[in-house]
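Remarks on the structure that follows.
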Amino acid sequence: MKKKMNTNKFIPVLLLAVAVLWMKTYISQKTQFTLGVEGTTQEFLLFINPLGSALLLLSLSLFFKGARKYWALLAVYLGMSIMLYANIVYYRFFSDFITLPTMFQTQNFGDLGGSVLSLIRPLDILFFVDVLLLGALVLSKRVEKDARNFKKRVALPVVVAALAISFFNLSLAESDRPDLLTRGFDRTYIVKYLGMYNYALYDTVETLKASSQRVMADSDDNTEVLNYTKSNYASPSEEYFGAAEGMNVVYLHLESFQTFLMDYELHGEEVTPFLNSMKDDPNTLYFDNFFHQTAQGKTSDAEFMLENSLFGLPKGSAFITKGQNTYHAAPAILKDEGYTSAVFHGNNGTFWNRSEIYKAFGYDHFFDIESYPNTTESDMAEYGLMDKPFFEQSAPILESLPEPFYTKFITVAHHFPYKMDQQLATIEKGATGDASVDNYFQTARYADEAIEQFFAQLEASGLADNTMIVMYGDHYGISDNHNEAMSEILSKDITPVENAKLQRVPLFIHVPGMEGGINHTYGGQIDLLPTVMHLLGVETQNYVHFGTDLLSEEHEELVMFRNGDYASPEVYSINEAFYDPETGLPLEDKRQLEQAEDLKRHGRYELQLSDQVVNGDLLRFYTPAGFTPVDPADYYYQQAPNLTE
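Residue 65 in full-length UniProt numbering sits at position 65 of the sequence shown, and the numbers go up by one each step.
The following block contains the structure:
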C-alpha cells in the first residue's frame, strides 16, 4: 500500500500546477488584453483555451526520470509564465503580441531599457508568486519527492487528454470563426480563440512558412504582382507633376505624432504652434486623413513604406529580417536622376538594422550618433540625441552635401515614455493622471520648437528656396490602452471609429512656389513614394508600388492596415465589422455591406501580394527600365566626412 501511494505523489503536484497556470492565464487574458470577446461561445473559449496547452506542456515532465521530473515541471512552468508576462508588458505599449521575428531583434534591446521599465508595475510581482511557491516546493527538503519513474501507459493518457482538449478548442473556435488559421491577419483573434500558448505555436509555424518562401520563389512569381501593380497605377496629376523638379528633398520624421495634436490647445496654449502655422502655409499641402500603417516594426515599418511603397510585414520588422533583400528604393531611383542621398539619426546605427538595410536601399551616407562628436550628456534623450542639438549639429553636414540631395532626418525626443527635463519644458503637463498621456504634450511642444529651429536654419543657409520638405508622423504615440485618458483629453467617448481615427498622423508637403492647402484625401504611408516621385517629375509606372499618388485623380482612397482592417471615406472596417465614419454606427444596408466586403477582399489581396514580394525577395528577379540595381557592397558608412572635397 505504501509503495502505491509513493507512486502517485507527483500527480497531485502536476494537476495543481496545471490548474493554477490555467486560471492565471485565463485571468490574464481576460484582464490584461483587449480581445473583443463577445457572446457565450467566445467567453467559454477564452476560459478553456489555456487548459489544453497547460496540461500538454506541463505533462511532458512525466517523461523525465526520478526527481528530475520536478525540475522539468518547474522549468516548463517558469517558461510559460515568462512568455505570458512578456506579452502582457509588450501589449501595454504596442497593443499587440510578441512574434518570433521580434524576439530576434536583439540589436535594439540595449536601447529599450527605460521604455520597458516604464511599462513594468509594482504589482506585476503577483504574476510570479505561483512560480516562487512551486520553486519552494521543488527545492524544499521537507517535502518528500516521488523519485519513481512513470510508465508510458500512465503518461500517454495525460498527453492524449491534453490533445483532445486542444482539438475540441480548435473545433469550437472554427465553428465560431471559420478559416481562423488561414485568415490570420489579426493576432488578437488567435489569442482570443486559441489562447496565448497556442498562438505562440501558430506564430512559429507561420514564421517558418514565410522564411521558406524565398527559397521556393522564382521569376514567374512576379507575373501576378506586376499585373496588379500596373493595373493599380494612378497617373500623376498634371497640376502637380514636376512641381518640385530638380529640388532637394528633406524628409522630417515626426516621431509618435498623431493628427489630434494639430490645433490642439492644452491649458489654453497651442501644443504645436509652428506645425499649426505650417498647416496653413500657402506653399504647403497638409493631409488631414493620412494614416500610419505600421505594425510591429513601428518606425522601421514607416521608413520601409515611404522608401519602397511596400507594406511592412505582419510580424517583426522587414528592416531586421529582410535586410539582405533587393529593393528599388527612393535613394536608388533618385541616384539615376543625379541625387546624393543621406540619412541623419542621432542614435546607434545598428538600431533597426539601419546600417545594413540603408545600403540595400542605396543610401550614399548614413550619419548616426558617431557623426555627432560634440554631444554632451545633457543633449541626450533615451533614444539618442535631443532634437534641437540634433538639427543644430546636422546643419553643417547637410549644407556640405552635393545638390540635389535626398535626405531624411529621424528625430527621437518625442518618443515613449515622453520624459522631458522640466527645465526644457515650455508647456505644462496634461492632468489626466495617466503619465504617458500627460507627458506626451511636453515632448510634442519641444519637437515643434526644434522643427521651427530647423526651418530657420534652412532659410539662413539659402537651401529653403530649393528644397521640398516632407514631414510625416511615423506611428501612434498613445496606444488604445490609454483611451480612458484620451477620452478626457478629447472630451468624447473613444468608440471603435474614433479609435481608428486616432491612427491618423500628420503629413505636410512643403514645396516653394507650389499652391498649398488642406487636402482631405484618404491615404497612408504606402502612398508617399509615388507621390514624392511624381512631384519631382519622376515616373513610377514601371515600379512595383502598392501605393498610389495622393495627388492623382486616380488615387484609390483605401487605407489598409496590417491586421486586415481598413479606412475609406465611406466605410471603416474594424474587427470584422463595418462602420459609417460619419455617424460611427455599424452599417446595416445590404448593398453597403457587400461593397465593404469587396473592399476588404481587395485590400487583403494587396497585402498578400506585398508579402509575397518581401518574403520571396521577388525584386531580385525584376529590374525596371532605366533603373540601376543596387550592390550593397558598394556602400561603406563612416563618420561625417568633408563632403566638399
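Beta carbons are placed, not taken as given, at the ideal position from N, Cα and C, and that holds for glycine.
Which first and last residues belong to the alpha helix (DSSP H) in which Gly473 is found?
What you label residue 473 is simply residue 473 of the sequence shown in a count that begins at 1. That residue, Gly473, is in no alpha helix (DSSP H); its beta strand (DSSP E) goes Thr467 to Gly473.
What does Leu249 pair with, by DSSP beta-bridge criteria?
Position 249 of the sequence shown holds residue 249. In the sequence on display, residue 249 carries Val and not Leu. Paired residues: Tyr406 and Met468.
Based on Cα-Cα distance, which residue from Phe44, Ser53, Leu529 and Thr41 lies nearest to Val22?
To locate residue 22, count along the sequence shown from 1; it is residue 22. First, the amino acid is wrong: residue 22 is Trp here, not Val. Ranking the options by Cα distance to Trp22, first place goes to Ser53.
Element boundaries [alpha helix (DSSP H), containing Tyr202]
As a working note, residue 202 is residue 202 in the sequence shown. Here the alpha helix (DSSP H) through Tyr202 covers Met196 to Met216.
In whole angstroms, what separates the C-alpha of Val343 from that of Ser400?
Within the sequence shown, numbered from 1, the residue matching residue 343 stands at position 343. Within the sequence shown, numbered from 1, the residue matching residue 400 stands at position 400. Going from the Cα of Val343 to the Cα of Ser400 covers about 14 Å.
Can you give, in chain order, each stretch of the beta strand (DSSP E) that sits fully within the region 459 to 529 and has at least 3 residues?
For the region 459 to 529, whole beta strand (DSSP E) runs of length 3 or above, ordered along the chain, are 467 to 473, 507 to 510 and 517 to 519.
Own chain, CB closer than 6 Å to Tyr85, minus 5 neighbours either side, in chain order:
Position 85 of the sequence shown holds residue 85. Excluding residues within five positions, the ones whose Cβ falls inside 6 Å are Phe127.
Considering only the beta carbon of each residue, do Asn519 and Leu285 sit closer than 8 Å?
One-based indexing of the sequence shown puts residue 519 at position 519. One-based indexing of the sequence shown puts residue 285 at position 285. Taking a C-beta distance under 8 Å as the contact criterion, Asn519 and Leu285 qualify as a contact pair.
In angstroms with no decimal places, state the Cα-to-Cα distance between Ala485 and Asn374.
Mapped onto the sequence shown, residue 485 falls at position 485. Mapped onto the sequence shown, residue 374 falls at position 374. The alpha-carbon atoms of Ala485 and Asn374 are separated by roughly 39 Å.
Straight-line Cα distance separating Ala295 from Ala302:
To locate residue 302, count along the sequence shown from 1; it is residue 302. To locate residue 295, count along the sequence shown from 1; it is residue 295. If you take the alpha carbons of Ala302 and Ala295, they lie about 9 Å apart.
For Ala17, which of helix, strand or coil comes out of DSSP?
Taking the sequence shown and counting its residues from 1, one reaches residue 17 at position 17. DSSP places Ala17 in helix when its eight states are reduced to three.
At what residues does the beta strand (DSSP E) containing Phe366 begin and finish?
Within the sequence shown, the letter at position 366 stands for residue 366. His365 to Phe367 is the span of the beta strand (DSSP E), which, as asked, contains Phe366.
Would you list the residues sitting across from Pro586 in a DSSP beta bridge?
One-based indexing of the sequence shown puts residue 586 at position 586. Its beta-bridge partners are Tyr579.
In this structure, how does DSSP classify Gly384 when only helix, strand and coil are distinguished?
On the sequence shown, residue 384 is found 384 positions in, with the first residue counted as 1. It is a strand residue.
Taking a contact to mean a Cβ-Cβ separation below 8 Å, would you say Tyr383 touches Asn347 in this structure?
Translated into the one-based positions of the sequence shown, residue 383 becomes position 383. Translated into the one-based positions of the sequence shown, residue 347 becomes position 347. Contact: yes.
In terms of alpha-carbon separation, which member of Ser175, Gln592 and Leu310 lies closest to Leu528?
In the sequence shown, counting from the first residue as 1, residue 528 sits at position 528. Closest in C-alpha terms to Leu528, from the list Ser175, Gln592 and Leu310, comes Leu310.
C-alpha gap between His534 and Ile98, whole angstroms:
Within the sequence shown, numbered from 1, the residue matching residue 534 stands at position 534. Within the sequence shown, numbered from 1, the residue matching residue 98 stands at position 98. About 38 Å.
Please check the pair Arg177 and Tyr193, which I expect to be a contact at CB under 8 Å, by giving their CB distance rounded to whole angstroms.
Residue 177 sits at position 177 when you count from the first residue of the sequence shown. Residue 193 sits at position 193 when you count from the first residue of the sequence shown. Approximately 6 Å separates the beta-carbon atoms of Arg177 and Tyr193; this is inside 8 Å, confirming the contact.
Per DSSP, which one or two residues make a beta bridge with Met560?
On the sequence shown, residue 560 is found 560 positions in, with the first residue counted as 1. Bridge partners of Met560: Tyr566.
Would you decide whether His555 is buried or exposed? Buried here means 16 or more other CB atoms lie within 10 Å of its CB.
Translated into positions along the sequence shown, residue 555 becomes position 555. With 16 or more other CB atoms across the displayed protein chains lying within 10 angstroms of its CB, His555 is buried.
For Tyr240, count neighbouring C-beta atoms within 10 Å of its own C-beta (all shown protein chains included) and say buried if the count is 16 or more, exposed if not.
Indexing the sequence shown from 1 puts residue 240 at position 240. So Tyr240 counts as buried.
Where the alpha helix (DSSP H) containing Phe319 begins and where it ends:
Position 319 of the sequence shown, counted from the first residue, corresponds to residue 319. Residues Ala318 to Thr321.
Just grab the DSSP bridge partners of Tyr286 for me.
One-based indexing of the sequence shown puts residue 286 at position 286. Tyr286 pairs with Phe508 and Ile518.
May I ask you to report which of helix, strand or coil DSSP gives Val158?
For this step, residue 158 is matched to residue 158 along the sequence shown. DSSP, reduced to helix, strand and coil, places Val158 within a helical segment of the structure shown.
Helix, strand or coil: how does DSSP classify Ser341 here?
Position 341 of the sequence shown holds residue 341. Three-state DSSP puts Ser341 in a strand.
If you compare alpha carbons, which of Ile125, Asp465, Ser61 and Glu582 is closest to Leu15?
Taking the first residue of the sequence shown as 1, we reach residue 15 at position 15. Leu15 has its Cα closest to that of Ser61, out of Ile125, Asp465, Ser61 and Glu582.
Along the chain, where does the beta strand (DSSP E) that runs through Tyr572 open and close?
The count along the sequence shown starts at 1 and reaches residue 572 at position 572. Per DSSP, the unbroken beta strand (DSSP E) holding Tyr572 starts and ends at Tyr572 to Ile574.
In this structure, does DSSP put Glu356 in helix, strand or coil?
If you number the sequence shown from 1, residue 356 lands on position 356. DSSP, reduced to helix, strand and coil, places Glu356 within a helical segment of the structure shown.
Express the C-alpha separation of Gln638 and Phe371 in angstroms, rounding to a whole number.
If you number the sequence shown from 1, residue 371 lands on position 371. If you number the sequence shown from 1, residue 638 lands on position 638. One detail in the question is off: residue 371 reads as Ser in this sequence, not Phe. One C-alpha to the other measures close to 8 Å.
Assuming the contact rule is C-beta atoms closer than 8 Å, Asn248 and Met468 should be a hit. Round their C-beta distance to whole Å, please.
The sequence position of residue 248 within the sequence shown is 248, counting from 1. The sequence position of residue 468 within the sequence shown is 468, counting from 1. Contact flag correct, Cβ pair sits at about 7 Å.
Going by C-alpha to C-alpha distance, which of Ile451, Ser461 and Asn353 sits closest to Ile397?
Looking up residue 397 in the sequence shown gives position 397. If we check each option's Cα against that of Ile397, Ser461 comes out closest.
At which residues does the alpha helix (DSSP H) containing Pro331 begin and terminate?
Counted from its first residue, the sequence shown places residue 331 at position 331. Counting along the chain, the alpha helix (DSSP H) containing Pro331 begins and ends at Ala330 to Lys335.
With DSSP collapsed to three states, give me the class of Glu265.
Counting from 1 along the sequence shown, the entry for residue 265 is found at position 265. Here DSSP, grouped into helix, strand and coil, assigns Glu265 to strand.
Which of helix, strand or coil DSSP assigns to Phe127:
Numbered from its first residue, the sequence shown carries residue 127 at position 127. The answer is helix: DSSP assigns Phe127 an H, G or I state.
Reducing DSSP to helix, strand and coil, say where Phe167 ends up.
Here the question's residue 167 lines up with position 167 in the sequence shown. If DSSP states are grouped into helix, strand and coil, Phe167 belongs with the helices.
Determine, using beta carbons only, whether Ala332 and Leu536 come nearer to each other than 8 Å.
Position 332 of the sequence shown holds residue 332. Position 536 of the sequence shown holds residue 536. Ala332 is not a Cβ neighbour of Leu536, given a cutoff of 8 Å.
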